[in-house]
Amino acid sequence: MSLIIHQSVDTAENLHRVILILGGVLLAGCCICLAALSPRLGVNQPKNQIVIIGAVGLMAAAGGAYVIMAIAARRATFSRGMCGWILGIGLVMRLVMLPSTPILEDDQFRYLWDGAVVSRGINPYRYAPLEAVTTHSDQIPQELKNLAISSGDVIHRINYPWLRTVYPPVAQAAFAAAHLLAPWSLTAWRLLLAAFDLATLWLVWRLGLPFAAVVIYWLNPLLVKEIYNSAHLDMLLLPFLVGAARAVYRERLIAATAALGIAAGIKLWPALLLPVVWRRLSQKPGALVGSLSITALLAVIFAGPMIWAGFDRSSGLVAYGRHWEMNNALYLVIQWIAVKGIQIFTASAGVEALAPRAVFALLVVATAIWAAADRHADIAGRFLLVAAVLFLLSPTQFPWYYVWLIPFLAWRPNKALILYSALLPIYYLRPVLEHVGRTRFFDEVLVWVEHGPVILLLVYQWVQSAFRPRQGGP
């Protein structure tokens with residue numbers, strides 16, 4: 005019997021090894037093919053619908069392979085050679101995507117412009133890019149006009165150029181750092197993101213988790229596409245988020261507060277995680293006052309330039325908060341319920357427009373408060389919960405926002421959320437449907453193909469845990 009069990013274990017182990025080897029080959033191959041296709045998928049290139057569908061297929065195939073590898077990794081044992089294989093495949097994925105053309109994305113032009121503006125000491129929240137090329141008023145600094153001239157085609161390829169920037173000050177500092185490294189260089193910006201990626205990998209490694217955590221983080225193809233190809237700034241968040249959680253585990257709660265405060269200077273949402281840290285300080289009034297003081301100080305420093313510039317219709321933050329909606333599923337349900345409820349009491353169009361966002365905000369804040377209720381709860385699990393609820397309910401479920409979850413999925417794996425890596429590439433089919441006038445089909449139907457399986461699996465997991473028999477006798 006022991007021989008049969010031993011043979012069964014060896015067979016399973018060999019299967020896991022084969023999955024990790026073949027899956028790695030598929031991941032690297034998909035990235036190589038995507039990089040080769042990318043020059044035909046730039047936003048300024050004529051759109052070939054077949055090429056877009058092919059690229060989405062490659063991304064989905066890579067995501068599917070990754071999901072299987074993530075499951076296998078949790079059951080595998082890792083030799084030194086297998087660890088080297090995993091690290092090598094992740095490195096190849098990144099290297100082949102580093103020089104590629106951003107696929108169906110143009111946010112990088114705003115980053116390059118903002119970095120140039122900040123590097124000249126100009127408040128980036130004060131002027132919209134369009135003003136630098138269309139306004140002849142003396143109120144526009146000549147240096148800003150000169151920047152527009154020196155930028156080449158960057159200034160003309162910024163999306164929503166009539167809006168002032170939405171990105172908070174720490175992100176602006178990163179843009180400026182990349183500009184100082186090499187002006188107007190997407191490669192310099194990508195290399196800076198790569199540094200933050202490696203810092204996150206190091207932090208995940210230092211957590212002392214099984215090597216499967218490294219597999220889940222390092223091999224995620226959606227992260228590689230959204231950071232190394234599309235160059236989205238969201239990578240800047242990750243070392244601060246992981247560092248904050250790690251600091252909480254080590255009882256360095258002031259450091260955790262500072263890390264989350266800096267993260268909120270990149271994207272505002274990490275401020276939602278601060279109550280989880282403050283709850284841990286509820287019996288340490290001196291440390292709590294220090295933590296709150298640091299938060300207040302960072303808030304003043306970071307909010308100052310934005311408040312000084314004002315919030316009118318040209319404010320990117322105002323426009324994003326009031327109007328942006330894309331690729332959402334559960335928000336459609338929130339929107340329908342909120343609008344129907346409001347219509348019972350008023351027919352005001354303004355109230356109807358804001359009500360769904362108010363409900364969304366209340367649900368997310370309530371989740372953050374609930375996550376902070378138990379000061380002994382698992383910090384990584386609570387951080388993942390807040391980030392996941394924010395993503396799932398958001399009016400804008402862009403694939404690059406999913407990057408926020410990946411280090412915490414390495415820490416606390418969840419099959420439903422890991423499945424998103426194979427489904428979120430569906431978002432890039434929207435230009436195909438837009439080409440044939442079927443965007444409504446994408447916005448109201450196809451988004452459920454993208455998000456529905458994850459939502460159903462999450463519900464199943466919740467029901468299963470709710471009805472799981474309790475340990476012990478009656």
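Quick note, the sequence shown lines up with residues 5 to 478 if you use our numbering. Glycine included, C-beta positions come from ideal geometry on N, C-alpha and C.
- Between W117 and I162, the gap from beta carbon to beta carbon is short of 8 Å.
- For S319, the three-state secondary structure derived from DSSP is strand.
- In terms of Cβ geometry, L334 and L388 do not form a close pair [threshold 8 Å].
- Looking at the backbone, the Cα of A391 and that of D142 are separated by about 45 Å.
- Here the alpha carbon of L190 sits roughly 10 Å from the alpha carbon of S234.
- Within the model, the alpha-carbon separation for L367 versus W340 is close to 15 Å.
- The continuous alpha helix (DSSP H) containing K419 extends over residues K419 to L427.
- Restricting attention to alpha helix (DSSP H) runs no shorter than 4 residues, the stretch 279-360 encloses them at 289-313, 320-327 and 334-349, ordered along the chain.
- The alpha-carbon of I54 is positioned some 14 Å away from that of M63.
- For I266, the enclosing alpha helix (DSSP H) stretches over residues L257 to A268.
- In the structure shown, R444 falls within a helical segment according to DSSP collapsed to helix, strand and coil.
- In the three-state reduction of the DSSP assignment, R416 falls in the coil class.
- Taking all protein chains shown into account, N150 has fewer than 16 neighbouring C-beta atoms within 10 Å of its C-beta and is therefore exposed.
- Among the bridge pairs identified by DSSP, T400 is matched with M330.
- S297 counts as exposed, since fewer than 16 other C-beta atoms from the protein chains shown sit within 10 angstroms of its C-beta.
- For R168, the three-state secondary structure derived from DSSP is strand.
- Judged by DSSP in its simplified three-state form, L205 adopts helix.
- For A175, the closest C-alpha among the options S154, L272, V29 and I410 is that of L272.
- With respect to the 8 Å criterion, L108 and L197 are not classified as neighbours on the basis of their beta carbons.
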